[in-house]
Structure formats: structure tokens, C-alpha cells
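S.K.: Using the working numbering, the first residue of the sequence shown is number 3, and each one after it goes up by one. What follows is a single structure, and I will ask about it in a moment.
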Amino acid sequence: MAKILVADDEFLLRAMLKDALEEIGHTVLLAENGEAALAQAKADPPDCILLDIMMPGMDGYAACAAIKADPRLASIPVLLISATTDLRVVDRAEEVGATTVLPKPVPIEELQQALILALNPS
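This is the structure we're talking about:
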């Protein structure tokens with residue numbers, strides 16, 4: 003399975019995503035904000051990155067843009083999580099190079115499908 007980096011400023015959501023992803027066989031790395039996610043990705047590049055959009059300091063958009071700007075990390079799929087359904091979120095996500103945007107809270111079935119598509123592009 004894959005090594006997935008999960009970044010969210012909400013401890014409970016990080017823990018829930020970690021448990022759900024480990025239950026289906028993935029290895030999970032955790033970060034509490036965008037800066038920590040970027041540092042973690044540089045130190046130990048994951049197969050996929052799951053970023054909350056709204057985090058203090060470096061938000062998910064900025065973290066995704068920084069990841070995509072780094073040649074060593076640019077090919078890693080980035081899935082953004084958003085509590086809003088505003089269509090501008092999707093446009094902004096595309097601008098910064100995100101693979102997709104998922105709703106928050108993330109239904110595990112939808113997360114699994116998004117990971118399959120992100121990790122196995124055809």
C-alpha cells in the first residue's frame with residue numbers, strides 16, 4: 003500500500019484519517035499544519051499528500067503550491083480537503099496543482115476512491 007502524509011490542524015480529524023487509512027493498509031505520516039507538511043514531505047517524501055485547506059499559517063493551498071514547486075515533490079499527488087462547497091475552492095485547487103478536492107469530513111469510501119485514482123493515474 004501507500005505512504006500517505008495527512009496534514010490537518012484538527013487533532014481529531016488527523017487521528018480519524020490515520021486510523022481509517024491504516025485500517026485499509028496504508029502507512030500514515032502526520033502534520034499539524036502546512037509548514038510541517040512541507041518539511042515532512044521534504045524529509046520523507048510520501049506517495050500521496052492529503053491537506054486540509056484551512057490551516058493557520060501556511061494553508062493547504064500554499065502548502066500544495068510549495069510542494070508542486072519542488073522538483074523532488076512535484077509528481078506527488080495532493081488531495082485537498084475543504085469544509086466549503088464553494089466552486090472557487092476547486093478553481094483555486096487546480097491553480098496550485100492539486101489532484102482533487104474532497105469534502106470535510108471525508109467519507110472513507112470517497113477517500114479510498116480518490117486515493118486509487120491519484121496513486122494509479124491512467
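Where is the CB? At the ideal position from N, CA and C, for every residue including glycine. Note that the coordinates shown come from a computational prediction; the quantities given were computed from them, not determined experimentally.
1) Closest by CA to Val8, which one among Val108, Ala76, Thr87 and Ala95?
2) By Cβ distance, which residues of its chain are closer than 8 Å to Glu24, with the 5 residues on each side in sequence left out?
3) Between the region 84-99 and the region 32-43, do three or more beta carbon pairs fall short of 8 Å?
4) Can you confirm whether Pro73, when its beta carbon is compared against all beta carbons of chain C, has any partner nearer than 8 Å?
5) Would you tell me roughly how many angstroms separate the C-alpha atoms of Tyr63 and Ala76, rounded to the nearest one?
M.R.: Answer, in terms of the structure:
1) Start at 1 with the first residue of the sequence shown, and residue 8 comes out as number 6. Closest by alpha carbon: Val108.
2) Taking the first residue of the sequence shown as 1, we reach residue 24 at position 22. So the qualifying residues of the chain are Val30.
3) Output reads no: the region 32-43 does not touch the region 84-99.
4) Protein chain content of the structure displayed is limited to a single chain, and chain C is not contained in it.
5) For the purposes of this step, residue 63 is taken as residue 61 along the sequence shown, with counting starting at 1. For the purposes of this step, residue 76 is taken as residue 74 along the sequence shown, with counting starting at 1. Their Cα atoms are separated by approximately 14 Å.
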